[in-house]
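Residue numbers (the numbering used here), protein chains in the order written: chain Y, 1490 to 1669; chain G, 14 to 113; chain R, 409 to 1026; chain P, 51 to 545; chain X, 23 to 530. Glycine included, each C-beta is placed from N, C-alpha and C at the ideal position. As structure tokens, the structure follows; a few thoughts come after it.
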């Protein structure tokens, strides 16, 4: 019962938040809603006994990613309402609606009726974090290391990209704008 | 009783929301927000499946997805900064030099 | 004896090649002398062969292999027998005379050397035609003479009409040649060979329907070469060529090749009398038809050309009725007097600066008596007056027609004889007697060179006396050709001869009388029948309107409409469609990121829809 | 309680990781060296990079598959070795083009080389596993590095290209994640081997659910392979990036994607799932036809080549549909041959890179630029023409053999109509390749100065062209050895 | 003599590569020398060829892709021998006649390259190898037409290339399919033609494969309605291009019919006999008509080529030794004659830079030698006996007569229509008075042109008078091909048909 209440509450909240992200005209609202949505999602993680993920979700998303986005927003000066020239709205919504219907229709099919033998079953009395840690450093060591490389790449990339000095003459920018 | 299907449907709804965002956003920054929604939607699904199967791989996958999301943000914002410095806008319609 | 054969055959070729060397050079009498000498040599060899053949020899030579493929093995083979040797002698004789004659006639022409090249080449081709021992060899000669005829008709190529006439002759012959070619193919697939001996040996055992087809197809070829209706128009137009050419090719030799073919294949044609009947009927028709056109024509050479046509009709009657030796005999005598007639006409033209309208001449007898005499002799021979050559051969044909019970053919020939008499003497009268119209028109005619006249003399003599060789001739050629028995009572035969001769002489006398009085009135010229005849039954016009022009229009249509506007258009359309599709599909590449993302989602949505709704075999 | 875990090093099979480790080390080394000594010349970086690629290659050859390592995460089988070989060789060919005559800023940066090496590491991981997590991370590592490399070319177009590529890549990443989720929900596993077993044992039920997984995976991989309708980035990105990088992109990410696709679709094809076959045929036909038709109207050589590489991908997709040893060998044969040719062709564009815009259009390499090239730079024109004909599948040059073997495999599987469509497509395709040749050989020159066509050339680049040309022209001799190696490796991997 | 075929194939290529180094002034001389050596090599081949042996001679085999059954497999038999000699000879002659100054070096090298591909097509015994040369030959021709042509040269070149390339696309599928069939039958891959001759295919398969091959060959020949590239190509191509295109390249299609379609798919060939024959007949007549309507001399000859190719096709589909041997001989003769005619048009084009008949008239007066040679070749073109044109045409039609006399009659009208357009062409350009002022000063043939033309004229006559040595050699191999057909024929109707067309006698 508690699970149901929690699930529906969080679901409504997350959908609402993400709805704001998608539909809001104000970038600040949008971002804030995103941050909120992330936090509520972590609620699901706790609900699903994935405490480690819940923590990571809050720390990484709200702590790091949203901070970076915030920095970006300040840089781009997009705190005000933004105008978006959205064309072919009908197509967009038809597509979105269809994709939603199809995805949901498909995902509604009962899959777990056939029990699947867990490859890496959670061991009783062992905390989630411990288990995850164990897996990460045995089975998923290589992905973990690669993820490290990926983050390194992202870091280098971010730095290098921001460092890039402008070379081309302003005329080229004119061309760029003229291309609209 | 909340079943796995509930979670999967929620995941699907959120994924679709993300797609709506990707489709309608013209502001690149906000478009990136939508891609985050996509990944988060999948994360819920993974964790739920993980729970119901009693298998931890799903959680691990979610974990790595979070890492990937973080990396993407770094690179994506880097590119946006570059473009903003160059053109003074992050509007997607400014990227129209090449076509045809 | 083989060497005589080769000498006879190749001497003209040598002559032709020799003078070929000089074609691009100034006039050089040596070409004429050499070619004449070589033709004479050929003639002498032919005569020698004639003598040997008469002594019972038959020469059959395989020179070398030509074509061999599949079951076909086709050598260059030559046969000299009683028939071909007659043709050889005739051809070489007339050609020698013509060649010598041309030394004078062509004396001032800038194509002098070229002319002799062509003449000798023609003789060579003609000899191949007559000497070959198989149908394909005959076809070689057949086409060869066609080529030379084309070249010689168009000899004065600067004249539009001459080159046109050359083309007409060649193309019309080709039409008929197609028929002949088909005949050859049929022969091959029945017998596996083209050789006369083998074909004729087996022809009897063949399905008559096939023999009939072969006969008809070969005859189509003969019709073309011998200018029988409906292929006759080219012969009259061929008079654009130099007159010696007309004498040699379009009177004496080439046009008779069709007759020769029928005679040569007599073993085949004698099996199919119904085809022979068709041939005879057509011949009779042409005999009258052509003669009628000659009645009103004012062109000196065309009159003689129509006369030739008419006489060819006579020959076909004989050949069609199975009187092969008679046909051959008429062929020979005709060669003599008709070439004489043409060469005489050539003298006149020479004298009249190539004027051809007989109404513009008149009274030339005083100026060129020798020519006049020779032409008169030739005309009389043509009309078939005793004792000239034509009398014998022509009357035999009439008798043969009567003999077969084909009285309408006989009657047609009878009428034809009368017409012949009329137009021949109309010509003689208008040219040599009466008012000297030419004086008013400012012509200064003169008699030709003596050596030319001397050269004509043999022909004159032969035209006169050849008829008396009838019996030996019959004996000679019927050694290999089937005999023709006149079954009607001798009295009837004599009666017919008398009747014909009387009729002819009557017409001659009437003609002379009439033209002495000043000829027919002008009003006759407005009669429909006159116009019909004058316009050659409108046949050239019909050909022009029904065949030539529509063909050109159709060709242009095929090119401009079908080729360019349909076929090529479709080809280009495919390319253009692809290109336009490319431009359309390019719009997908709008360069807008939103559109790109949308396409991706479209992909997902479409495929998901398929995943739900499309389930083959799941 | 957790029991203490003891793992013997030997069981890890470290060797499977050595190739990637070498490169990762190299990348770090470059960054460190750059920290200490500034103002290093690009030639140093290039050679240093090349050295590590070489080391990697030797390590790769030293492996003998099929074997697994690191708890079964690493999978070194023939196919992965082949793919890694292709990746390394094209990387080596690519990096040498940095030694161009004209200076380019990006090649002076140590980070460029580090990122490049990391990218290779990413791709190598991607092909050397059947674990979806590792595939995903490898993919993202490589992609993120690649976006940056594109952007570092430092032109407006390059930025535009990078952003477009990145954004679409993010969406594709979402698709990949979704696909993984669906498969995981279905089977409780994220390893293709296990997924396959479970799916087969359950008869692929429930249908729509399974197929949805296929759809999302198809679109995610399709984005890498540039399958319609996810192909739209290709021309823009190729145009925006430097020519050699475009050439590199047309080979390496695709072979990585192809390997994943082969591994993934093998699950369905070996069970004869009609739907998957149909969809693959449909997409393959759509991809090559649309790309070919659009390429017809291109005005820029680079964009044309981009569409051409889309069409080639469509071609290869048919072989994925067919499956089996011959088809999979055909894919690799095709791709090896295509690699040399395409890199050669793009290198030619690189050589012809020139700042002056004599032709007054927005394009860097419009067709008009090459007008009458044979008059002023005959050698260049001839080489270019050979590459074009090769791409068109003209015999006896390299790609022809690939095409031959590939179509043969399609025919052998009974899809004759598909084969016909393929050859018709290659007949359409020849038009746009020929367009360049027509410009070069048949039109009048726009300039007397042949230098503009070789402005960027240098000895190393010429060497690259020489090598690629050699493999392109003399392919007839190499096909057999390549084919036997490929077939053997594919067979040993069980495909 | 071990590797003479490889030598013949690759000598021009290697020489061509050497040619890059040679000074521009001397490159033509170099080209002629190379072509001459190549020609001598082909003559040596002829001398060494054993005419009593109907099989492949001087066979060379080295595996290229053994796993896939592709090999470098060369061999020559009576069918290909003379086509090889024709190729080398016409290349030599066209090089002698060459008088283009622009980019001469590229041109000569391209021609040598083209020669390699042409010879390669005729000598290949491996289907893939054949396909390689078949496609490769397009490249040099594309360049020749496109770079040295006139008028819409680029359009014409592209059209030529795309059309023929697209046409052979299906053939590739056919080849691979056949290879697979062979694999299924024997368990090994092979694309070698002699191997394939052993393969008996089901009737349905034959039909499809015949169709796939047919399209490729039909475009190349070119058969109606796939012929529209030809007039453009000829119209715009430089003389040398036209010569090689008409003389040799068109023969590739008809050669392929004999080499592949007939022996590989005997039942299908017989099954499709009438459709093909009707197309061929349409070609003969339609092309002759269109030729008649042309205003451009070169176009007339271009369309006349189509017309003649129709007769060649008929001869091939006669499926008897007479017809096929005849059609091969007609290929040779048409090669010589059309090549020479194009050369002659080139002569006048060089002088006046126009090819329109209306621009000329009376050339016989100004250029008598030219007119004479043109006349001889024209007569050969219309198939006058004792010229080379007759033998082939006669045999082809003769052969087909056994199959259907109706079609032969209709197609035979080609000899009439051929005379119509040719003589009209001749009359319009050579006869009549010289009207145009600029025509009055035209120079007759010069030494170079003579050197190129005289051999052709000589051949026209010599081969017309004595074709036997060539015919018997061809005949040997043709009979073998027919035997292969008879052996492989599945349907009783086919067997009956082959028996009928190859025997004399019997009633209709």
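First through last residue of the alpha helix (DSSP H) which encompasses residue 137 of chain X: 126–145
Give the range of the beta strand (DSSP E) segment to which residue 480 of chain R is assigned. 480–488
Residues of chain P with a CB under 7 Å from the CB of residue 986 of chain R: which are they? 343, 346, 478
Residue nearest to residue 495 of chain X in terms of C-alpha spacing, selected from X/105, X/86, X/90, X/47: X/105
For residue 470 of chain X, is the classification buried or exposed, using 16 other Cβ atoms within 10 angstroms of its Cβ as the cut-off for buried? exposed
Using a Cβ cut-off of 8 Å, pull out every chain A residue sitting near residue 978 of chain R, in sequence order please. In the displayed structure, chain A is absent; the protein chains listed are Y, G, R, P and X.
Does the count of Cβ pairs from the stretch 647–667 of chain R and the stretch 713–726 of chain R closer than 8 Å reach three? yes
Could you check how far apart the C-beta atoms of residue 84 of chain G and residue 231 of chain P are, in whole angstroms? I think they sit under 8 Å. Not a contact, Cβ separation roughly 20 Å.
Mapping the DSSP letters down to three states, classify residue 818 of chain R as helix, strand or coil. helix
For residue 179 of chain P, does the three-state DSSP call read helix, strand or coil? strand
Hey, residue 489 of chain P and residue 396 of chain P: beta-carbon distance below 9 Å or not? no
For the beta strand (DSSP E) containing residue 82 of chain X, list its first residue and its last residue. 79–87
Any C-beta of chain G within less than 8 Å: which residues of the stretch 210–223 of chain P qualify? 210, 211, 212, 213, 214, 216, 217, 220, 221, 223
Just the chain R side, please: which residues come within less than 9 Å of residue 384 of chain X by C-beta, in chain order? 565, 566
Local conformation of residue 465 of chain R per DSSP, three classes: coil
Specify the secondary structure class of residue 625 of chain R as computed by DSSP and reduced to three states. helix
Answer yes or no: does any C-beta atom of chain R fall closer than 9 Å to that of residue 285 of chain P? yes
To the nearest angstrom, how far is it from the Cα of residue 1662 of chain Y to the Cα of residue 101 of chain G? With a pLDDT of 42 at residue 1662 of chain Y, under the threshold of 50, the modelled position of that residue is not reliable, and the figure given next carries that caveat. Their Cα atoms are separated by approximately 10 Å.
Put residue 50 of chain P into one of helix, strand or coil per three-state DSSP. Nothing about residue 50 of chain P can be reported from this structure: the residues present for chain P run from 51 to 545 only.
For residue 32 of chain G, return the contacting residues in chain R, with the cut-off set at a CB-CB distance below 7 Å. 1009
How is the alpha helix (DSSP H) around residue 124 of chain P delimited, first residue to last? Unbroken run through residue 124 of chain P is the beta strand (DSSP E), 124–126; no alpha helix (DSSP H).
Which chain R residues sit within Cβ distance under 7 Å of residue 109 of chain G? 999, 1000
With distances taken between CB atoms, is the gap from residue 377 of chain P to residue 452 of chain P smaller than 9 Å? no
List the residues that DSSP assigns as beta-bridge partners of residue 40 of chain G. G/104
How big is the Cα-Cα spacing for residue 287 of chain P and residue 997 of chain R? 12 Å
Decide yes or no for the touch test of the stretch 366–375 of chain P against the stretch 456–470 of chain P: beta carbon pairs closer than 8 Å, at least 3 of them. yes
In the DSSP assignment, find the beta strand (DSSP E) that holds residue 118 of chain P and state where it starts and stops. 117–119
In whole angstroms, give me the CA-to-CA distance for residue 88 of chain G and residue 142 of chain X. 56 Å
Quick one: grab the DSSP three-state call for residue 11 of chain X. There is simply no residue 11 of chain X to check, as chain X begins at 23 and stops at 530 in what is shown.
Within its chain, find whatever has a CB closer than 7 Å to the CB of residue 834 of chain R; leave out the 5 residues flanking it on each side and keep chain order. 919, 923
Excluding five sequence neighbours on each side, which residues of the same chain lie with their C-beta closer than 6 Å to the C-beta of residue 96 of chain P? 145, 148, 149
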